[in-house]
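Participant: In numbering that gives the first Met the number 0, the protein residues as written are 0 to 284.
Idealized CB from N, CA, C, for every residue including glycine.
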Amino acid sequence: MRRFFVRALVRPLALAAAATGIPLLYATPVAADSVVIGSFPIDVSASPWTVALSSRDRFGGTRAGQFCGGVVIGRTTVLTAAHCMGEDVLGVSPQRVGDLKVIANRTDLLSRGGQEIPVRAVRVSPDYDSRTNAEDYALLTLAEPLPQSSVIEMAAAGDPAYRPGTGAMVSGWGDLTGGGDYARSLRATRLHVLSDARCEKAYPNGAEGAYLARSMLCAGEPAGGHDACQGDSGGPLVAQGKLIGLVSWGSGCGRAQNPGVYTRVSEVVRARERSAGAAVPRDAR
Ligand code: ARG
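#1: Would you say the region 250-270 touches the region 149-156, given that touching needs at least three Cβ pairs under 8 Å?
#2: Is it buried or exposed, arginine 186, if we count other Cβ atoms within 10 angstroms and call 16 or more buried?
#3: Give me, in chain order, the residues of the same chain whose beta-carbon lies closer than 6 Å to that of methionine 215; leave out the 5 immediate sequence neighbours on both sides.
#4: For the region 135-152 and the region 40-54, state whether three or more C-beta atom pairs, one from each stretch, are separated by less than 8 Å.
#5: Between tyrosine 196 and proline 258, how many whole angstroms is the CB-CB distance? I'm expecting something under 8 Å.
#6: Might you give, ordered along the chain, the residues of its own chain that have their beta carbon closer than 6 Å to the beta carbon of arginine 254, omitting 5 neighbours on each side?
#7: Assign aspartate 223 to one of three DSSP states: helix, strand, or coil.
#8: Taking the alpha carbon of threonine 75 as the point to measure from, which residue in Gly90, Asp56, Ile102 and Ala63 has its own alpha carbon closest?
#9: Arginine 273: which of Thr61, Pro125 and Gly97 sits nearest, CA to CA?
#10: Could you tell me whether the region 50-70 touches the region 188-202, where touching means 3 or more Cβ pairs closer than 8 Å?
#11: Is the beta carbon of valine 118 closer than 8 Å to that of leucine 89?
#12: Looking at the unbroken alpha helix (DSSP H) that takes in arginine 197, where does it start and where does it end?
#13: Given a cut-off of 8 Å, decide if leucine 175 and alanine 182 are closer than it, judged by their beta-carbon atoms.
#14: Less than 7 Å separating the Cβ of histidine 225 from some heavy atom of ligand 1?
#15: Could you name each continuous beta strand (DSSP E) segment of 3 residues or more that falls completely within the region 46-134, going from the start of the chain to the end?
#16: At a threshold of 7 Å, does valine 70 count as lining ligand 1 (C-beta to nearest heavy atom)?
#17: Measuring straight from C-alpha to C-alpha, what distance separates glutamate 146 and alanine 80?
#18: Going by beta carbon distance, what residues of the same chain come within less than 6 Å of glutamine 239, once the five residues before and after it are set aside?
#19: If you measure between the beta carbons of glycine 230 and glycine 177, is that distance less than 8 Å?
#20: According to DSSP, which residues form a beta bridge with proline 40?
#21: Does ligand 1 have a heavy atom nearer than 7 Å to the CB of valine 118?
#22: Give the secondary structure of proline 235 by DSSP, where H, G and I count as helix, E and B as strand, and everything else as coil.
#23: In whole angstroms, what is the alpha-carbon distance linking glutamate 115 and aspartate 98?
#24: In or out: glycine 69 buried (at least 16 other Cβ within 10 Å) or exposed?
#25: So leucine 193 and alanine 133 are supposed to be a Cβ contact under 8 Å. How far apart are they, rounded?
#26: Determine the contact status of leucine 52 and glycine 249, defining contact as a CB-CB distance below 8 Å.
#27: Where does the unbroken beta strand (DSSP E) through glycine 244 begin, and where does it stop?
#28: Does the beta-carbon of glutamine 229, which I'm using as the reference point, lie nearer than 7 Å to any heavy atom of ligand 1?
#29: Mind checking who glycine 259 pairs with in its DSSP beta bridge?
#30: To which residues does DSSP link alanine 167 through a beta bridge?
Next up, the structure:
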């Protein structure tokens, strides 16, 4: 979770030092103030649907094996990004990660609070395209149920929560600075849903990746500085009390011109309705 925009921070520090003659050392509290306007620490009870995906075998124990985020959408169902289950993240296929777990209701990764529940099954979206990042979601089935209070409702297509300008919050244990400085405790930041036109302008068909309105949405702030970052992937973007996005990709972190791109959750709702209404189960087709 990006705390602040590094470049925006350097100048106020230098100016404060020049204007007051106080050594740079004393300007540190200015940086601390900047942190407050970026992301902030939250207790998981304020966002009980936010979970950490963990494998100590693959990622070591220093941060309890956390490597992605996830969202509780049913007592035994967690939604995450498809790319979190990819070989370039895990090194092997998810079926070969013997200790894949979801850590729920825990704020500080290294505390013993909450639950660690093994993942029993992984279903990557059949429509996921690792080249374009379209339909970037996967469903995890848990070995034991979580409390109903951890479950968040998904917003279906047409829900007002998707409207541009809507206030939203993203949470996770990801990179705080864009420099590999991973959080130990859960953080969140507030931003706004942007229009498809703005997202397409930020990510036209180029090397950075293309914005595809059908399966993506983007969110950010005009000045940048409020964003998700590496390690937040799969985590929730929530607006009006409903899940609208999963952290998916972006160019850098917190850049004014490059908002964060999220999996459009209404696509998950649509795919699940389609498979529930079909006579033949989706997996059998
Ligand atoms: N792909 C990243 C991950 O695996 C998420 C990047 C999100 N970037 C952003 N600027 N919002 O954790």
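Facilitator: Taking the coordinates as given:
#1: Result yes; three or more Cβ-Cβ pairs closer than 8 Å.
#2: Classification of arginine 186: buried, given that the 10 Å Cβ count is 16 or more.
#3: Excluding positions up to five away in sequence, the list reads Val260 and Arg263.
#4: Because the criterion of three Cβ pairs below 8 Å is met, the region 135-152 and the region 40-54 touch.
#5: The identity of residue 196 in the sequence shown is alanine, whereas the question assumes tyrosine. Proline 258 and alanine 196 do not touch by the CB rule: their CB atoms are close to 12 Å apart, not below 8 Å.
#6: The beta carbon of arginine 254 sits closer than 6 Å to the beta carbons of Gly223 from its chain, once the five residues preceding and following it are set aside; these are given in chain order.
#7: First, the residue type needs correcting, since residue 223 is glycine and not aspartate in the sequence shown. If DSSP states are grouped into helix, strand and coil, glycine 223 belongs with coil.
#8: The residue with the shortest Cα to Cα distance from threonine 75 is Ile102.
#9: Taking the Cα of arginine 273 as reference, the smallest distance to any Cα among Thr61, Pro125 and Gly97 is reached at Pro125.
#10: In this structure the region 50-70 does not touch the region 188-202; the number of beta carbon pairs closer than 8 Å is below three.
#11: No, the Cβ-Cβ distance between leucine 89 and valine 118 is not below 8 Å.
#12: Its alpha helix (DSSP H) spans residues 195-201.
#13: Between alanine 182 and leucine 175, the gap from beta carbon to beta carbon is short of 8 Å.
#14: False, no ligand heavy atom lies under 7 Å from that Cβ.
#15: Segments of the beta strand (DSSP E) lying fully in the region 46-134: 49-53, 65-73, 76-79, 100-103 and 114-123.
#16: No.
#17: Checking the displayed sequence, the identity of residue 146 turns out to be proline instead of glutamate. About 22 Å.
#18: Cβ neighbours of glutamine 239 beyond the five flanking positions: Ala160.
#19: No, these two residues do not count as a Cβ contact at 8 Å.
#20: Listed as beta-bridge partners of proline 40 by DSSP are Arg186.
#21: Result no, Cβ not under 7 Å from ligand 1.
#22: In the structure shown, proline 235 sits in a strand (DSSP, three-state: E or B).
#23: Straight-line Cα distance between these residues: approximately 11 Å.
#24: A residue is called buried once 16 or more other Cβ atoms fall within 10 Å of its Cβ, and glycine 69 is buried on that count.
#25: Cβ-Cβ separation between leucine 193 and alanine 133: approximately 18 Å, too far for a contact (criterion under 8 Å).
#26: Cβ distance not < 8 Å, so leucine 52 and glycine 249 don't count as in contact.
#27: Glycine 244 -> beta strand (DSSP E) spans 241-248.
#28: Yes, Cβ of glutamine 229 sits closer than 7 Å to a heavy atom of ligand 1.
#29: In DSSP, glycine 259 forms a bridge with Ala218.
#30: Partner(s): Leu190.
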